[in-house]
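Protein chains: 2
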Amino acid sequence: MSAPENRRAPAPHPGLGFLPPALLECAQAVTLAAGEVLFRAGDRPERLYFVLDGELILVRVTRGGREVVLQRARSGFLAEASVESRRYHCDGVARRTSCACALPMGAFRKALAADAAFRAAWQKHLTGEIRRLRAQSERLALNSAAERIVHFIESEGEGGAIELRQSVKSWALDLGLTHEALYRALARLERGGEITRNGARVTLASRPRATSR
Amino acid sequence: MSAPENRRAPAPHPGLGFLPPALLECAQAVTLAAGEVLFRAGDRPERLYFVLDGELILVRVTRGGREVVLQRARSGFLAEASVESRRYHCDGVARRTSCACALPMGAFRKALAADAAFRAAWQKHLTGEIRRLRAQSERLALNSAAERIVHFIESEGEGGAIELRQSVKSWALDLGLTHEALYRALARLERGGEITRNGARVTLASRPRATSR
DNA sequence: CGTACTTTTGAATCGCATCAAATCTGGTGG
DNA sequence: CCACCAGATTTGATGCGATTCAAAAGTACG
């Protein structure tokens, strides 16, 4: 408490663990108000944002006023591609009150160029995101709530079980379902013996029920 | 025909353009039969596959015999993450007769380590994939065919228009729709004046119709 | 000309979204 | 400790849109 308040975050978000200390040194925690604009299309990227809490979106607004959301970050980086680009192609907006970690883009690029270990870690992070996103796309293409649930547990969980880190309601967002549909599908699966629930832990039955009965 | 069959591909797929010549030298064109297994979970990655035609999938098979598709590659790399990993975590299977380009993993990693330009290009490719996949996930979370179409054109096209490189039917796969639903939605949008179609070119009307009438 | 595939339209069905409302929960302040 | 509030959880009823099954028409290619 007696230490100065501008001290760097002592225990950063686990997702940021691979950042080199020098980069974490210049990281800044920022609080965004709902509706606040972080950057506009055409701006030069000056910071890379890592969402800690809330929701930041990457959105393209058309001449006709249509809004197309390109990314919805509720945890993790917003617009990784801005590292590679001299200009933003979309707007960045806080959809609700949010907390993020801002990394100066110059320092980030410099660290990437200078630090081979960091480069490797960044590359690993990128391929991991690709893997997750591909799985998510396959999941969202399934057209029943039950299939999406099973797919999620199989692809994001460990050994046919998953520990939910958030409310069921926000899980519904990830699955592209309304929370009502998810609650109902979970209840149906549990009644059918296809899953069991222990608090935040959801486990798949090892042998799926045949469609009999 | 008189030339040896093991000649290297003379004009590789545009998606492979960033590969250094040395790596392209040892690329092999492979033809996979429908159902053919490329690798099993637990295998050591020996080649990185780039799909030219057909469909390769990354699939996890559970003890219960459930099949969960993690990736469906109809064009582009299969399992980029295998570059970072000593073992596959899924099976790789050709879902139908397919043609792919196989890059020896050792040479690929070696080139990554030795060639800074290639490393940068690979990183750029990875971030580009992330951008595309995030947009795709947002798109698949939309629950009307019309919204997905508009989102696709806005995010994958240029200036509110897109040149389709494939049949409408296979576009439907990307949009997570049946082909019937896509045909109907396209016809409805065209009748409503929200899009126009010129052969393979689909253009958004600049000002979206108000919901009036 | 025939085959395979895409494109198109039709009709019936099913599941999810939507709107509504009740219950439960954790946390706050009186 | 209890009243109260915001949010999550749960259940119900209804409508819409996509899926599904079916079939016809158009198109490319040998």
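Going line by line, the protein sequences match chains A and B.
Counting in the working numbering, the final residue of the first sequence is number 213, and the numbers go up one at a time with none missing.
Counting in the working numbering, the final residue of the second sequence is number 426, and the numbers go up one at a time with none missing.
Glycine included, each C-beta is placed from N, C-alpha and C at the ideal position.
Going by CA-CA distance only, name the one from B:Ile362, B:Ser368 and B:Leu390 that's closest to B:Glu407.
As a first step, residue 407 of chain B must be located in the second sequence, where it is residue number 194. Ranking the options by Cα distance to B:Glu407, first place goes to B:Ile362.
Buried or exposed, going by whether 16 or more other CB atoms sit within 10 Å of the CB of A:Ala135?
In the first sequence, residue 135 of chain A corresponds to position 135, counting from 1. That one is buried.
Using the Cβ count rule (16 or more neighbours within 10 Å means buried), how would you classify B:Glu218?
Along the second sequence, read from residue 1 onward, the residue named residue 218 of chain B stands at position 5. Only weak support exists for where B:Glu218 lies, its pLDDT of 38 falling under 50; the value from the coordinates is given anyway. Exposed, because fewer than 16 other Cβ atoms sit within 10 Å of the Cβ of B:Glu218.
Below 8 Å CB to CB, which residues in the same chain sit around A:Ala181 once its five sequence neighbours on both sides are set aside?
The sequence position of residue 181 of chain A within the first sequence is 181, counting from 1. Excluding residues within five positions, the ones whose Cβ falls inside 8 Å are Ala145 and Ala172.
May I ask which residues mark the beginning and end of the alpha helix (DSSP H) holding A:Thr147?
Numbered from 1 along the first sequence, position 147 holds the residue referred to as residue 147 of chain A. Here the sequence assigns Glu to residue 147 of chain A, which means Thr is not the residue at that position. Counting along the chain, the alpha helix (DSSP H) containing A:Glu147 begins and ends at Ala145 to Glu156.
Counting along the chain, where does the alpha helix (DSSP H) carrying B:Leu437 start and finish?
Any answer about residue 437 of chain B is impossible in this case: the structure gives chain B only from 214 up to 426.
Residues of its chain near A:Ala161, where Cβ-Cβ distance is below 8 Å and the 5 sequence neighbours each way are ignored:
By one-based count along the first sequence, residue 161 of chain A stands at place 161. Ile153, Arg201, Val202, Thr203 and Leu204.
Going residue by residue through the region 169–194 of chain A, where are the continuous beta strand (DSSP E) segments of at least 3 residues, counting only ones entirely within it?
Runs of the beta strand (DSSP E) spanning 3 or more residues and lying entirely within the region 169–194 of chain A do not occur at all.
Note down, in chain order, each residue of its chain lying with its Cβ closer than 7 Å to the Cβ of A:Gly76, except the 5 sequence neighbours on either side.
Stepping through the first sequence from its first residue, residue 76 of chain A is reached at position 76. For A:Gly76, where only same-chain residues beyond five positions count, the Cβ hits under 7 Å are Gly15, Phe50 and Val51.
Residues in the region 377–403 of chain B having any Cβ partner in chain A nearer than 7 Å:
Under the 7 Å Cβ criterion, the region 377–403 of chain B contributes Gly389.
Against B:Ala354, what residues of chain A qualify as contacts under a CB-to-CB distance less than 7 Å, listed in chain order?
What you label residue 354 of chain B is simply residue 141 of the second sequence in a count that begins at 1. What B:Ala354 touches in chain A: Leu140 and Gly176.
Quick one: residues in its chain with C-beta nearer than 8 Å to the C-beta of A:Val83, no 5 flanking neighbours on either side, listed in chain order?
Locating residue 83 of chain A in the first sequence gives position 83, counting from the first residue. Contacts found: Pro45, Leu48, Met105, Phe108, Arg109 and Leu112.
8 Å Cβ cutoff, B:Ala358 in contact with chain A:
Position 145 of the second sequence, counted from the start, is the residue given in the question as residue 358 of chain B. Cβ-Cβ to chain A under 8 Å: no for B:Ala358.
Reducing DSSP to helix, strand and coil, say where A:Ser98 ends up.
Here residue 98 of chain A corresponds to residue number 98 of the first sequence, with the count starting at 1. Correct three-state label for A:Ser98: strand.
Under 9 Å between beta-carbons, which chain B residues line up against A:Ser271? List them in chain order, please.
Residue 271 of chain A falls outside the range modelled here, since chain A spans only 1 to 213, and no answer is possible.
Beta carbon proximity, B:Arg287 to chain A, threshold 8 Å:
For the purposes of this step, residue 287 of chain B is taken as residue 74 along the second sequence, with counting starting at 1. Taking Cβ atoms only, chain A never reaches closer than 8 Å to B:Arg287, which makes this a no.
With respect to the beta strand (DSSP E) encompassing B:Leu269, which residues constitute its N-terminal and C-terminal limits?
Numbered from its first residue, the second sequence carries residue 269 of chain B at position 56. Residues Leu269 to Val274.
Taking CB distances under 8 Å as the criterion, tell me whether A:Gly128 reaches chain B.
Sequence index remark: in the first sequence, residue 128 of chain A carries index 128 (1-based). Yes, A:Gly128 lies at the interface with chain B (some Cβ there is under 8 Å from its Cβ).
Does the separation of the CB atoms of B:Gly341 and B:Tyr301 fall below 8 Å?
Indexing the second sequence from 1 puts residue 341 of chain B at position 128. Indexing the second sequence from 1 puts residue 301 of chain B at position 88. For B:Gly341 and B:Tyr301, no; Cβs fall outside 8 Å.
Would you call the CB atoms of B:Val274 and B:Glu268 closer than 8 Å?
Translated into positions along the second sequence, residue 274 of chain B becomes position 61. Translated into positions along the second sequence, residue 268 of chain B becomes position 55. A distance of 8 Å or more separates the beta carbons of B:Val274 and B:Glu268.
Using three-state DSSP, classify A:Leu19 as helix, strand or coil.
Within the first sequence, residue 19 of chain A is the residue found at index 19, counting from 1. Annotated three-state conformation of A:Leu19 is coil, per DSSP.
B:Ser350 to B:Glu403, Cα distance in whole Å?
The sequence position of residue 350 of chain B within the second sequence is 137, counting from 1. The sequence position of residue 403 of chain B within the second sequence is 190, counting from 1. In a straight line, the C-alpha of B:Ser350 is about 25 Å away from that of B:Glu403.
Measuring alpha carbon to alpha carbon, tell me which of A:Glu158, A:Thr196 and A:Leu133 ends up nearest A:Leu175.
Within the first sequence, numbered from 1, the residue matching residue 175 of chain A stands at position 175. Per the Cα distances, A:Leu133.
What's the call for A:Ser155, buried or exposed, on a 16-neighbour Cβ count within 10 Å?
Position 155 of the first sequence holds residue 155 of chain A. The residue is buried, with at least 16 neighbouring Cβ atoms inside 10 Å.
Within chain B, the residues that A:Val68 reaches when beta carbons sit closer than 7 Å:
For the purposes of this step, residue 68 of chain A is identified with residue 68 of the first sequence, where counting begins at 1. By Cβ distance, chain B contributes His364, Glu367 and Ser368.
Does A:Leu133 come within less than 8 Å of chain B when only Cβ atoms are used?
Within the first sequence, numbered from 1, the residue matching residue 133 of chain A stands at position 133. So, interface residue.
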